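Trainee: There's a structure below that I have some questions on.
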Amino acid sequence: GAVVSQHPSWVICKSGTSVKIECRSLDFQATTMFWYRQFPKQSLMLMATSNEGSKATYEQGVEKDKFLINHASLTLSTLTVTSAHPEDSSFYICSARGGLVEETQYFGPGTRLLVL
Amino acid sequence: QKEVEQDPGPLSVPEGAIVSLNCTYSNSAFQYFMWYRQYSRKGPELLMYTYSSGNKEDGRFTAQVDKSSKYISLFIRDSQPSDSATYLCAKGAGGTSYGKLTFGQGTILTVHP
Chain E
86 GAVVSQHPSW VICKSGTSVK IECRSLDFQA TTMFWYRQFP KQSLMLMATS NEGSKATYEQ
146 GVEKDKFLIN HASLTLSTLT VTSAHPEDSS FYICSARGGL VEETQYFGPG TRLLVL
Chain D
19 QKEVEQDPGP LSVPEGAIVS LNCTYSNSAF QYFMWYRQYS RKGPELLMYT YSSGNKEDGR
79 FTAQVDKSSK YISLFIRDSQ PSDSATYLCA KGAGGTSYGK LTFGQGTILT VHP
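So this is what it looks like as structure tokens:
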């Protein structure tokens with residue numbers, strides 16, 4: 086139980102294009118989903134928190150217009166990187182809070198983004 | 019001072035050794051703690067969850083919390099090469115930040131045969 090999927094697992098795009106990443110909780114309803122970014126050999130950096138049906142809450146320094154988050158249902162959240170640039174290249178990971186123990190977060194497998 | 023401090027290692031041990039991974043934290047507000055294991059190029063995998071002081075055991079893993087000294091530990095018994103990964107401790111927040119996790123830097127562990 087408590088499986089979270091992400092799609093795509095990796096993506097390569099040209100500078101200036103937009104990329105959408107999907108995060109799904111497969112066997113539980115997630116009260117909240119989180120989006121993280123991770124650079125090589127570094128820990129996870131929280132970008133934003135999203136609750137179903139409401140606007141996402143972004144961490145300080147994260148551009149809302151750059152990283153659009155839509156939490157359409159209790160099992161689906163999407164992150165769109167708009168007008169991507171090479172500095173946006175990173176490992177993006179989502180997590181979903183819920184399951185048997187409400188405080189626990191279960192992570193997706195991550196999406197590796199490379200912007201050329 | 020970072021809210022959660024974790025020695026990044028790297029830590030290298032022989033197969034079968036007992037591994038001790040440690041973190042300290044600075045904020046004493048309502049908290050709960052988790053340990054995650056992350057293999058290279060993968061998402062973190064939840065290993066242990068605890069919110070009270072004392073020990074919690076699950077198979078070869080034991081999570082220990084000492085709230086008086088703000089110290090959390092993860093012990094791995096009979097370590098295996100498949101345990102080689104980065105281990106992340108995390109502290110959960112309460113109040114208006116309920117549900118958000120603050121992660122330590124992660125400890126890189128290598129278990130060699």
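Chains as they are written, first to last, in the working numbering: chain E, 86 to 201; chain D, 19 to 131. Glycine included, each C-beta is placed from N, C-alpha and C at the ideal position. Given the structure is predicted, the values throughout are model-derived calculations rather than measurements.
(1) Quick one, which residues of the stretch 50 to 65 of chain D are near chain E if we go by CB-CB under 9 angstroms, in chain order?
(2) Between D:A111 and D:F121, is the Cβ-Cβ spacing less than 8 angstroms?
(3) Is E:E172 helix, strand or coil by DSSP?
(4) From the beta carbon of D:L39, is the nearest beta carbon of chain E less than 8 angstroms away?
(5) Helix, strand or coil: how does DSSP classify D:P32 here?
(6) How would you write the range of the beta strand (DSSP E) that D:A108 sits in, first residue to last?
(7) Hey, out of E:S94, E:S90, E:H170, whose CA is closest to D:R59's CA?
(8) My parser needs the beta strand (DSSP E) runs of 3 or more residues fully inside the stretch 42 to 68 of chain D; what are they?
(9) Measuring only between beta-carbons, confirm whether D:Y43 sits less than 8 angstroms from chain E.
(10) So, for D:I36: in the same chain, excluding its five sequence neighbours on each side, which residues have a beta-carbon less than 6 angstroms away from its beta-carbon?
(11) If we cut at 8 angstroms on Cβ distances, does D:Y105 have a partner in chain E?
Mentor: Looking at the atomic coordinates:
(1) Y50, M52, Y54, Q56, R59, K60, G61, P62, E63, L64
(2) Numbered from 1 along the second sequence, position 93 holds the residue referred to as residue 111 of chain D. Numbered from 1 along the second sequence, position 103 holds the residue referred to as residue 121 of chain D. In this structure, D:F121 does not lie closer than 8 angstroms to D:A111 by Cβ.
(3) Position 87 of the first sequence, counted from the first residue, corresponds to residue 172 of chain E. E:E172: helix per DSSP, three-state reduction.
(4) In the second sequence, residue 39 of chain D corresponds to position 21, counting from 1. So no, D:L39 is outside the interface.
(5) For the purposes of this step, residue 32 of chain D is identified with residue 14 of the second sequence, where counting begins at 1. DSSP places D:P32 in strand when its eight states are reduced to three.
(6) Position 90 of the second sequence, counted from the start, is the residue given in the question as residue 108 of chain D. First-last of the beta strand (DSSP E) with D:A108: 103 to 110.
(7) Within the second sequence, numbered from 1, the residue matching residue 59 of chain D stands at position 41. The candidate whose alpha carbon is nearest that of D:R59 is E:S94.
(8) 50 to 56, 63 to 68
(9) The residue labelled residue 43 of chain D in the question sits at position 25 within the second sequence. Chain E contact via Cβ: absent.
(10) For the purposes of this step, residue 36 of chain D is taken as the residue at position 18 of the second sequence. Only R95 meet the Cβ criterion.
(11) For the purposes of this step, residue 105 of chain D is taken as the residue at position 87 of the second sequence. By this cut-off, D:Y105 is not an interface position.
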